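Asker: Before anything else, here's the structure in question.
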């Protein structure tokens with residue numbers, strides 16, 4: 051049943067699938083105001099409060115009203131143009147101003163008037179053209195939506211094309227069996243595919259792929275759009291399902307974007323496995339489909355024919371059909387892939403061609419935040435709306451996207467491959483390409499040299515005399531590497547333009563000549579022996595006689611291109627970390643981004659409005675200082691935080707200052723290893739397991755500390771005593787084991803609640819920042835109590851963190867007398883805490899207790915960084931007796947209210 055919520059004296063009508071909570075009404079109203087005013091909003095809405103639906107209904111209601119106002123304004127301007135005579139009789143405001151500016155002369159500035167009329171006429175012409183194109187688009191989509199015969203005709207044509215293709219393939223196979231060919235000549239012939247085509251800059255030639263994108267997008271003009279992004283494909287799929295269930299599900303034009311790995315339907319390409327190999331092979335197949343014949347092929351004519359693989363799903367006609375189908379009905383990634391298989395069309399490119407006509411574009415973080423990926427995908431943020439959901443890790447995400455690391459083994463491998471490639475094809479490469487390859491070889495040589503190695507030797511055999519970590523500014527690194535005279539912008543541009551094709555050709559070269567069964571002359575064998583031996587040494591372990599089988603890997607040029615691109619950043623915005631370990635292969639070069647605001651500023655300056663939303667956004671000061679301060683003024687930033695839908699008495703957060711033996715609880719790095727501190731924590735757990743039903747989740751600051759405490763309790767016999775009340779589980783380090791542990795944990799709790807007995811549930815030892823601290827729901831009996839052991843401060847001895855702290859102290863003012871570096875450490879700690887303790891309450895009827903075990907949580911600077919809905923209900927207990935009494939009463943009352951649900 052659809053409900054309509056009206057806000058602000060009948061001003062805004064919010065369609066909603068059910069009667070919304072009051073906090074949802076406030077959320078939508080504030081969201082609407084931020085979008086209308088063109089501001090940047092930081093929105094916090096706890097999980098379980100219907101944040102996704104509030105975002106959908108609030109944002110799409112604004113889009114509906116905005117497009118209606120736009121149409122009315124267009125109609126008014128066109129009506130004014132119709133009534134041209136009336137318009138000429140009345141002087142415009144601009145012409146009156148121009149007349150007033152003439153002073154005593156009082157003469158009309160006819161030039162200004164002429165230019166104004168010309169601009170007005172041009173605008174009217176654009177509006178007319180836009181109306182025509184919009185009408186065509188709407189008619190086309192409406193026709194597709196209701197014309198079943200059109201779909202059947204398209205499907206029949208696809209079947210006919212498949213049959214034709216099958217017959218052609220069969221005839222080729224028959225011919226190939228009858229006609230023999232010289233094997234060596236065929237091998238030489240296939241080498242044409244490995245020759246790098248001449249590099250052409252933007253001024254010389256526009257890329258065919260970009261031209262195709264623009265051609266297929268040109269039939270649909272860009273409409274007013276909302277770009278919604280989240281962290282994972284599963285979160286995006288969940289959001290799309292919410293859109294489908296919303297009142298806008300039938301009329302909205304939504305496009306889901308994803309990576310080739312998620313959207314590719316060509317099994318031959320998918321089987322490559324590695325993301326980089328899939329990307330490289332996809333672009334190579336496009337090149338084969340559209341590329342012109344080389345000069346050698348043209349001159350030799352029919353003498354020799356080069357066989358080039360093309361993608362059967364990369365069909366203009368079928369991708370146009372897929373584009374239209376995507377716009378007609380809302381589809382998530384899985385439905386898009388199924389449609390691509392059915393229509394024999396590429397979902398990866400077909401979805402991109404639908405972007406201009408879409409009203410809501412759903413995409414992953416990286417695709418929107420990474421500038422080159424954004425441009426390559428045809429995403430235009432100018433005057434559009436951007437919504438970033440699950441944004442609590444936004445700063446870390448941007449930092450990660452624009453940071454880059456290359457290992458010594460990758461540098462040596464790339465140098466060896468490139469050198470062998472250049473030597474083999476030196477006479478057949480264009481002069482420009484030869485020069486560029488030599489430049490890249492020199493850069494690789496200098497990078498290995500600064501790590502203390504030599505590119506001509508095995509990186510696994512080269513030991514580093516002085517191991518350690520060294521940080522340098524970008525300029526210092528360039529000078530020390532002796533590459534300050536090289537135009538890195540040009541090198542990056544070359545790699546960006548031809549990197550995919552180049553890497554695939556280089557990969558094909560290594561695949562072909564890395565094999566031992568290739569028939570070649572003695573001279574060629576000598577040339578290839580070095581590469582083969584080098585590649586073998588890279589795959590050998592510490593024992594040189596042991597060969598380890600590894601999966602097929604792509605060329606490391608992509609990582610190297612990312613590192614070179616990072617080196618073009620401003621000197622103050624990043625640092626280069628030289629990490630020298632035992633051998634050159636184990637050593638690495640890493641670029642660390644210190645100022646993510648410079649990249650996020652490009653998004654904010656383009657878009658009309660931006661919403662940064664999440665379930666837990668505290669501490670908000672991080673977003674203001676690290677992302678927004680450089681790009682926009684403080685007056686343009688709006689903060690909104692709503693409460694939870696659960697009743698106030700369904701949650702009991704407690705800050706525990708001392709344990710059962712009255713020992714002060716302070717799990718600092720210096721004190722947490724003390725046996726008495728671990729014993730005190732064990733006594734707390736033992737008491738809690740006696741009164742808390744169902745599941746108890748205990749978060750530790752790190753895997754190492756969790757293992758240390760577990761071993762200590764095992765020795766003292768505490769684990770045995772705990773196991774009489776709760777079955778004990780530990781969070782695994784391997785991601786592929788998490789689901790199994792969670793399933794067994796849930797099964798144990800369910801069995802205990804049904805059977806009864808001495809064991810009342812399960813106890814899960816988890817880690818802050820681990821696999822279970824984000825994205826996992828411990829709802830209902832899975833998490834009746836969440837315990838946070840100590841404060842999970844990051845390792846301040848980390849060189850990267852120290853550099854970030856120094857950067858903040860240098861560039862930011864002190865806050866409340868505290869240096870910015872201290873605020874950074876505290877914010878990182880509390881952000882991790884808030885994510886972990888938010889795992890328990892997931893819906894309106896849920897209830898749980900939260901125990902923060904450390905007296906430092908009671909400090910005002912720390913306490914104020916808890917989420918508002920938790921902070922306003924938190925009780926500070928100086929002694930364990932008071933805390934235990936409150937917990938026992940809380941769970942006893944809930945057991946009385948909810949019966950078996952709380953058992």
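Numbering (the working numbering), first residue to last: 51 to 953.
Yeah, the Cβ is synthetic: ideal placement off N, Cα and C, and Gly gets one too.
As the structure is a prediction and not an experimental result, all values here were calculated from the model.
Closest by CA to residue 667, which one among 79, 365, 97?
Answerer: Comparing C-alpha distances from residue 667 to each of 79, 365, 97 shows the shortest one belongs to 97.
Asker: Does DSSP classify residue 634 as helix, strand or coil?
Answerer: coil
Asker: Would you say the region 710-722 touches the region 790-799, given that touching needs at least three Cβ pairs under 8 Å?
Answerer: no
Asker: Please list, in chain order, all residues of the same chain as residue 361 whose beta carbon is under 6 Å from its beta carbon, the five residues on each side excluded.
Answerer: 316, 335
Asker: Where DSSP assigns a beta bridge to residue 414, which residues make up the other side?
Answerer: 280
Asker: Classify residue 442: buried if its beta carbon has 16 or more other beta carbons within 10 angstroms, exposed otherwise.
Answerer: buried
Asker: Are residue 745 and residue 683 touching if we call contact CB-CB under 8 Å?
Answerer: no
Asker: Distance cutoff 8 Å, beta carbons only. Does residue 833 sit that close to anything in chain C?
Answerer: Absent here is chain C; the protein component of the structure consists of one chain.
Asker: With three or more C-beta pairs closer than 8 Å as the rule, is the region 496-516 touching the region 617-625?
Answerer: no
Asker: Sorted by chain position, which residues of the same chain lie with C-beta nearer than 6 Å to residue 269's C-beta, five sequence neighbours on each side aside?
Answerer: Confidence in residue 269 is poor, its pLDDT being 48 and thus under 50, which makes the residue's placement too unreliable to answer from.
Asker: Residue 462 lies in the alpha helix (DSSP H); which residues open and close that run?
Answerer: 458-475
Asker: When DSSP builds the beta bridges, which residues end up paired with residue 93?
Answerer: 663, 690
Asker: Short of 7 Å in beta carbon distance, which residues of its chain neighbour residue 885, apart from the five on each side in sequence? Order them along the chain.
Answerer: 442, 666, 823, 824
Asker: Would you grab the beta carbon distance between residue 692 and residue 99 for me? Rounded to a whole angstrom, and I think it's under 8 Å.
Answerer: 7 Å
Asker: If you reduce the DSSP assignment to three classes, tell me which class residue 621 lands in.
Answerer: helix
Asker: Whose CA, out of 732, 801, 702, lies closest to the CA of residue 935?
Answerer: 702
Asker: With H, G and I counted as helix, E and B as strand and the rest as coil, what does DSSP make of residue 715?
Answerer: When secondary structure is reduced to three states using DSSP, residue 715 falls in the coil class, being assigned neither helix nor strand.
Asker: Could you check the C-alpha separation between residue 526 and residue 635 for me, to the nearest Å?
Answerer: 23 Å
Asker: From 75, 462, 632, 118, pick the residue whose C-alpha is nearest to that of residue 108; which is it?
Answerer: 75
Asker: Would you mind working out which of 309, 515, 464 sits nearest residue 402, comparing C-alpha positions?
Answerer: 309
Asker: Which residue spans inside the region 861-943 form an unbroken alpha helix (DSSP H) run of at least 4?
Answerer: 870-887, 910-913, 918-921
Asker: Please return the same chain residues whose Cβ sits closer than 6 Å to the Cβ of residue 926, not counting the five positions on each side in sequence.
Answerer: 705, 908
Asker: Within 10 angstroms of its Cβ, does residue 172 collect 16 or more other Cβ (buried), or is it exposed?
Answerer: So residue 172 ends up on the exposed side.
Asker: Roughly how many angstroms separate the alpha carbons of residue 65 and residue 83, rounded to a whole number?
Answerer: 16 Å
Asker: With DSSP run on the structure shown, which of helix, strand or coil describes residue 152?
Answerer: With a pLDDT of only 49 at residue 152, under 50, the local geometry of the prediction cannot be trusted, and no value is derived from it.
Asker: I need the boundaries of the beta strand (DSSP E) containing residue 704, first residue and last residue.
Answerer: 701-706
Asker: For residue 319 and residue 381, I'd like the C-alpha separation in whole angstroms.
Answerer: 23 Å
Asker: CA-CA distance, residue 753 and residue 416?
Answerer: 29 Å
Asker: Taking the alpha-carbon positions, what's the residue 808 to residue 801 distance?
Answerer: 12 Å
Asker: Tell me the rounded alpha-carbon separation between residue 938 and residue 726.
Answerer: 25 Å
Asker: Consult DSSP for residue 812 and reduce its assignment to one of helix, strand or coil.
Answerer: strand
Asker: Using DSSP bridges, identify the partner residues of residue 778.
Answerer: 813
Asker: Which residues in the same chain as residue 874 place their Cβ atom closer than 7 Å to its Cβ, once the five residues preceding and following it in sequence are excluded?
Answerer: 854, 855, 858
Asker: Please report how far the alpha carbon of residue 451 lies from the alpha carbon of residue 647, in whole angstroms.
Answerer: 13 Å
Asker: Count the other CB atoms within 10 Å of the CB of residue 896; is the residue buried (16 or more) or exposed (fewer)?
Answerer: buried
Asker: Alpha carbon to alpha carbon, what distance is there between residue 273 and residue 661?
Answerer: Each residue's Cα considered, the two are about 19 Å apart.
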